[in-house]
Amino acid sequence: MSMQWPEKVVFCEVGPRDGLQNEPEVLSVDRKIALIEGVAEAGVPIVEIGSFVHPRAVPQMADTDEVARRFRRVEGVEYRALVANLKGVERALASGITKVKLTLSASESHAKANLNKTPAELLEGFKECVAFAHANGMEVSGAISTAFGCPFEGKISSGKIMETAARMTDLGLTELSLSDTTGMANPRQVYDLASMARSEFPEVSWFLHFHNTRGMALANVTAGMLAGIIRFDASLAGLGGCPFAPGASGNVASEDLLHMMDEMGIETGVDLKKMIALARQLQEWVGHPTDSSILRAGTNADLVPLTAARKQG
Ligand code: ZN
């Protein structure tokens, strides 16, 4: 039996939001803009540019309005931002962002720790967000966080995840992400849950969002592709994490994921070299080493001149 690899995948850069929100150092507006413009110029089709949440909750994102107003748009690129309530949707619209993402935790305890609300309370608030967004020609996407495990509750049953997905689709959402907020997913679990999600919600465009906390992120991406999912989030240089989830570390690095796709002959439409240069720049800006295999070791292609030099010598 041959494996069913996709011909191409859709890549979403979440570094400007998920990556930067956990950095102690706040990047300047100009640098955030350079980052967003850089990834769009490298061919990334979807960029999560920041979040419109309360500045006290996430001070790193306090200037998202200015960032959103000022960055140069590239035709055909989708720019989206994370929001938590109606105020966030209004801020997004006022800054020219026409796609927002709502996150619902599959775990009660995580939702409480993260936003101090129960999932049911959050859903109530989401109704007005979706109504306002749709009335203003905006698109809404959803994410199910702690889909593969919660630091407070452990594994969440697949029934509970599907129930959370049903609540989101009831709101009228047709694009959802299964998010491994704290890096607890394993490939077998991803394959099973992704397969179930696709068969129970065939109308939904599914995304997968992995953190490499325990080194399983690329294996999880692979398992997701085998289950038929073709949309993946990642963060440049492997920045990121959830400030409210104890011990959570970076997203899978964009350059690691894109390099793997290149090596597998799976099209992404993204220029890997440009992304590596940006990742290196970003690492310099945050001022500390990050979890990126490609920044450490270079690409497979980098080895070719080395081999040639060795032969000559
Ligand atoms: Zn994340």
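Residue numbers for the sequence shown follow our numbering, beginning at 6 and rising by one. All C-beta atoms in this analysis are idealised placements derived from N, C-alpha and C, irrespective of residue type, glycine included.
Q | Candidates G303, L40, M269 and K165: closest to L109 by CA position | A | Here residue 109 corresponds to residue number 104 of the sequence shown, with the count starting at 1. When each option's Cα is compared against that of L109, the closest is K165.
Q | Spatially closest choice to M173 from I161, T69, P124 and K160, by CA coordinates | A | By 1-based counting over the sequence shown, the position of residue 173 is 168. Of the candidates I161, T69, P124 and K160, the one whose C-alpha sits nearest the C-alpha of M173 is P124.
Q: State the DSSP-derived secondary structure class of F237, mapped to helix, strand or coil.
A: Locating residue 237 in the sequence shown gives position 232, counting from the first residue. Of the three classes helix, strand and coil, the one that applies to F237 here is strand, per DSSP.
Q) From G101 to M269, what distance separates their C-alpha atoms? A) Position 96 of the sequence shown, counting from 1, holds the residue named residue 101. Position 264 of the sequence shown, counting from 1, holds the residue named residue 269. In a straight line, the C-alpha of G101 is about 37 Å away from that of M269.
Q. What three-state label does DSSP hand N256 in the structure shown?
A. Within the sequence shown, the letter at position 251 stands for residue 256. Note: N256 maps to strand in three-state DSSP.
Q: Within the same chain, show all residues whose beta-carbon is closer than 7 Å to that of E71, passing over the 5 residues directly before and after it, in chain order.
A: On the sequence shown, position 66 is the one that residue 71 refers to. For E71, where only same-chain residues beyond five positions count, the Cβ hits under 7 Å are V34.
(Q) Quick check on the DSSP output: the alpha helix (DSSP H) that includes H115 runs from which residue to which? (A) Here residue 115 corresponds to residue number 110 of the sequence shown, with the count starting at 1. Where H115 is concerned, the enclosing alpha helix (DSSP H) stretches over E113 to L120.
Q: Pick out whichever of G24, K132 and T295 has its Cα sitting closest to the Cα of K92.
A: Position 87 of the sequence shown, counted from the start, is the residue given in the question as residue 92. Of G24, K132 and T295, the residue nearest in Cα terms is K132.
**Q.** Collapsed DSSP secondary structure at A62 in the structure displayed
**A.** Position 57 of the sequence shown, counted from the first residue, corresponds to residue 62. For A62, the three-state secondary structure derived from DSSP is coil.
(Q) Is S297 a contact residue of the ligand ZN, with contact defined as CB to any heavy atom under 7 Å? (A) Position 292 of the sequence shown, counted from the start, is the residue given in the question as residue 297. False, no ligand heavy atom lies under 7 Å from that Cβ.
Q: For W290, name the three-state secondary structure that DSSP assigns.
A: Position 285 of the sequence shown holds residue 290. W290 falls in the helix class under three-state DSSP.
Q: For A86, write down the residues that DSSP places opposite it in a beta bridge.
A: Here residue 86 corresponds to residue number 81 of the sequence shown, with the count starting at 1. Per the DSSP secondary-structure output, A86 pairs in a beta bridge with G55 and V105.
(Q) Judging by CA-CA distance, which residue of L178, A45 and G233 is the nearest neighbour of R78? (A) Start at 1 with the first residue of the sequence shown, and residue 78 comes out as number 73. That would be A45, whose Cα lies nearest to the Cα of R78.
Q.
Just to check my reading of the structure: S210 and T179 have Cβ atoms closer than 8 Å, yes? What is that Cβ distance to the nearest angstrom?
A. In the sequence shown, counting from the first residue as 1, residue 210 sits at position 205. In the sequence shown, counting from the first residue as 1, residue 179 sits at position 174. Contact between S210 and T179 holds, since their C-beta atoms are separated by about 6 Å, short of 8 Å.
Q) Is V15 helix, strand or coil by DSSP? A) Taking the first residue of the sequence shown as 1, we reach residue 15 at position 10. Reduced to three states, the DSSP call for V15 is strand.
Q | Whole-angstrom distance between S163 and K13, CA atom to CA atom | A | The residue labelled residue 13 in the question sits at position 8 within the sequence shown. The residue labelled residue 163 in the question sits at position 158 within the sequence shown. Rounded to whole angstroms, K13 and S163 show a C-alpha spacing of 28 Å.
Q.
Checking 8 Å against the spacing of the C-beta atoms, do A239 and E18 come in under that value?
A. For the purposes of this step, residue 239 is taken as residue 234 along the sequence shown, with counting starting at 1. For the purposes of this step, residue 18 is taken as residue 13 along the sequence shown, with counting starting at 1. Yes, the pair counts as a contact, with Cβ atoms nearer than the cut-off.
Q) Taking the continuous alpha helix (DSSP H) assigned at A306, which residues delimit it? A) Counting from one through the sequence shown, the residue named residue 306 turns up at place 301. For A306, no alpha helix (DSSP H) encloses it, and the DSSP letter there is neither H nor E.
Q: Could you check the C-alpha separation between R96 and A89 for me, to the nearest Å?
A: Numbered from its first residue, the sequence shown carries residue 96 at position 91. Numbered from its first residue, the sequence shown carries residue 89 at position 84. The straight-line gap from Cα to Cα measures roughly 11 Å.
(Q) Using only the alpha-carbon positions, how far apart do A145 and S298 sit? (A) Within the sequence shown, numbered from 1, the residue matching residue 145 stands at position 140. Within the sequence shown, numbered from 1, the residue matching residue 298 stands at position 293. One point to set straight first is that residue 145 is Val, not Ala, in the sequence displayed. Cα to Cα, V145 sits roughly 33 Å from S298.
(Q) Can you find the residues in the same chain that come closer than 7 Å, C-beta to C-beta, to L176, ignoring five residues on each side of it along the sequence? (A) If you number the sequence shown from 1, residue 176 lands on position 171. Non-local C-beta neighbours of L176 in its own chain, meaning closer than 7 Å and more than five positions away in sequence, comprise F131, K132 and V135, ordered along the chain.
**Q.** Coarse secondary structure for G159, derived from DSSP in three states
**A.** For the purposes of this step, residue 159 is identified with residue 154 of the sequence shown, where counting begins at 1. G159: strand per DSSP, three-state reduction.
Q. Within 10 angstroms of its Cβ, does V275 collect 16 or more other Cβ (buried), or is it exposed?
A. Within the sequence shown, residue 275 is the residue found at index 270, counting from 1. With 16 or more other Cβ atoms inside 10 Å of its own Cβ, V275 counts as buried.
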